[in-house]
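Under numbering that gives the first Met the number 0, the final residue of the sequence shown carries the number 144; numbering is consecutive throughout. Every residue, glycine too, gets a C-beta built ideally from N, C-alpha and C. Report on the following structure.
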Amino acid sequence: MFRLAARNFAARNVNVATRSVVAPRLAFAARSQFVPRAAYSAAAGLSKEDITTRVLDVLKSFEKVDRSKLSTTAAFSEDLGLDSLDAVEVVMAVEEEFAIEIPDKEADEIKTVQQAIDYIAKTPEGKCRSVSGNLYDLLSLVPAH
């Protein structure tokens, strides 16, 4: 598909003198109007428990996080001992985990684990399963027959 698009682009952008030498264009040649398209569908959305587990796993990967205080009610700065820069890194890691982009204004308002979970749960991107390298996750995307 990409070769066809590149060839069509090159054919349209070659000047007239070069075109006659490279590949003469026939005046009566009919071009197909059919454009093949891929159809995609998403698996069932993530449950609140799945989102919670993944957010907590992201937080566990940070060395500065006190794991004994890690819970859904924990605040990044007060309970987990993260400074403002660490909190920004947490939000960025959550964005990467769920393949979403959180606008800066809304990211500044995320101060607790629960707020991060709630934000992800309400986004359309967070409701769809992201494809990861885990074979089990990939197999869950294959419909059962």
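For residue i, report the span of its alpha helix (DSSP H) as first-last.
i	result
T51	47-59
If you draw a straight line from the alpha carbon of residue i to that of residue j, how long is it in whole angstroms?
i	j	result
L45	T111	20 Å
A73	E88	16 Å
V47	I116	Reading off the sequence shown, one finds Lys at residue 47, where the question assumed Val. Approximately 8 Å, taken between the alpha carbons.
G80	D49	25 Å
S129	E77	Any answer about S129 is weak, because its pLDDT of 45 lies below 50 and its placement is not dependable; what the coordinates show is given next. One C-alpha to the other measures close to 31 Å.
Y118	S67	24 Å
E62	P123	30 Å
L84	I101	16 Å
T52	K121	16 Å
E95	V64	18 Å
Checking the sheet assignment: what are the DSSP bridge partners for residue i?
i	result
A74	T111
Looking only at C-alpha atoms, which of the options sits nearest to residue i?
i	options	result
L58	A92, E100, Y118	A92
D107	R53, L69, A86	A86
Q114	D82, D103, F75	F75
Could you tell me whether any Cβ in chain B is nearer than 7 Å to the Cβ of residue i?
i	result
A98	No chain B is part of this structure, which consists of one protein chain only.
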